[in-house]
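Here is the structure we will look at, set down as structure tokens.
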Amino acid sequence: MNRGKQIIRVSLVGILANLFLVAGKAFAGLVTGSIAIILDAVNNLSDALSSVITIVGTRLAGRAPDRKHPFGHGRIEHITSLIIAVIVLLAGAGAFRESVEKIIHPTAVNYTYVSLIIVAVAVVVKFILGRWVKKKGEALHSESLIASGTDAFFDSIISLTTLVAAVISLIWHVNLEGYLGAVISIVIVKAGIEILMESLNGIIGTRVDGDVTEAIKKKVTSFPEVHGAYDLILHHYGPEKIIGSIHIEVDDSMTAREIHHLTRSIMETIYVEFGILITVGIYASNDEDEENAAIKSSVEEILKEYPQVLQLHGFYCEPGTNRVTFDLVIAFGCDAQAILNEIKEKISAQYPEKDFEIILDSDFTD
138 MNRGKQIIRV SLVGILANLF LVAGKAFAGL VTGSIAIILD AVNNLSDALS SVITIVGTRL
198 AGRAPDRKHP FGHGRIEHIT SLIIAVIVLL AGAGAFRESV EKIIHPTAVN YTYVSLIIVA
258 VAVVVKFILG RWVKKKGEAL HSESLIASGT DAFFDSIISL TTLVAAVISL IWHVNLEGYL
318 GAVISIVIVK AGIEILMESL NGIIGTRVDG DVTEAIKKKV TSFPEVHGAY DLILHHYGPE
378 KIIGSIHIEV DDSMTAREIH HLTRSIMETI YVEFGILITV GIYASNDEDE ENAAIKSSVE
438 EILKEYPQVL QLHGFYCEPG TNRVTFDLVI AFGCDAQAIL NEIKEKISAQ YPEKDFEIIL
498 DSDFTD
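In this note's numbering, the protein residues as written are 138 to 503.
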């Protein structure tokens, strides 16, 4: 079964389970007059709606690439998760308003043993459902399922507090409905904000996991012709589609035929092992020349004075000219241009006969 069908299947189970809980909690809430139980039922209804949105989003995200969207529609899943976050936030805000009114104007609550059993069953069902949905979401790399699973887990905690409040009311006749509802609403809002931030990060783009980038670079540099791998950039177009690029450093004596064979081999290997479509660029190297090696060593000594400089790569002294080119990776949060100008001034003072062209690079990946 493919990923899309698995996500839909999990979502359908979530819909059925939540509708079952909505019916039970709504009945218990209306019979007892408990605002906490009624709000819990409303929250379960929003969970069912979230699962419907997940199904729709998965269907849309699974559409084949077209002329207008050549990278596919996978990023729709981020939008789906964003919509779920908004629903959770609205549910939390509404719950808080109702709870405050309940605190200001409290009403009597008549809990029954049947209502307590219904809430107890809801705790168990939501806990199991939440753990299962989140686990499936992580396995399928689905933000929407992870969000739904996390929300369901919080719901089980909320239902548990409702159950505790009901027991306290039966034993000590203390009404905690409004206060409990306020706590529940705050938890719901907090969960909504976390889901919202995760969705926005997916849309904006975040740093790729260091273990992944390290593994890719290690694989690329395992080719004997490659002296170094740099400028790895990965773009996510949905959980199942990653496109990227990387530069490799090779001897400038390699022929076009040799470079073609090497880059094709790297592209095929990365796709087979990581499922990533990657474009390979070239940095020429002629460090075997003693003069070039000495210049590079001097530049590296100057760079040691600047902890903000994370990496030097692509160093090349063009034969027959005074032109020297290389890239510098400078940490985020620094005045990169000012640091670059200062470095260039020091290098040029040491080698006035050389024309240094330094490219400012970004710290995209570890």
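All C-beta atoms in this analysis are idealised placements derived from N, C-alpha and C, irrespective of residue type, glycine included.
query: Nearest to Lys-273 (by Cα), restricted to the options Lys-263, Ser-285 and Val-262; result: Ser-285
query: Secondary structure of Asp-389, DSSP reduced to three states; result: coil
query: CA nearest to the CA of Asn-180, picked from His-398, His-210 and Val-225; result: Val-225
query: Candidates Ser-499, Gly-170 and Ile-152, of which the one nearest Ala-185 by Cα; result: Ile-152
query: contact_flag[the stretch 456-476, the stretch 323-330] where n(CB pairs < 8 angstroms) is 3 or more; result: no
query: Completely contained alpha helix (DSSP H) runs for the stretch 326-360, where each covers 4 or more residues; result: 347-357
query: Segment limits, beta strand (DSSP E) that includes Val-311; result: Here Val-311 belongs to no beta strand (DSSP E), and DSSP marks it neither H nor E.
query: Sequence-distant residues of the same chain with beta carbon closer than 6 angstroms to Ala-421, five excluded per side; result: Asp-389 and Tyr-453
query: Where Val-461 sits in the DSSP three-state scheme; result: strand
query: C-alpha gap between Leu-149 and Asn-139, whole angstroms; result: 16 angstroms
query: Ile-380 and Thr-400 closer than 9 angstroms at C-beta; result: no
query: Within 9 angstroms, strictly: CB atoms of Leu-321 and Thr-287; result: The amino acid occupying residue 321 in the given sequence is Ile; Leu does not appear at that position. Contact: no.
query: Those runs of the beta strand (DSSP E) which lie wholly inside the stretch 422-485 and span at least 3 residues; result: 446-454 and 460-467
query: Val-270, buried or exposed, once every other Cβ within 10 Å from all chains shown has been counted against 16; result: buried
query: CB-CB length for Ile-439 against Ile-480, believed under 8 angstroms; result: 6 angstroms
query: Length at least 3, wholly inside the stretch 359-386: the beta strand (DSSP E) runs in chain order; result: 365-373
query: Per DSSP, the bridge partner or partners of Thr-287; result: Paired residue(s): none; Thr-287 is not in a bridge.
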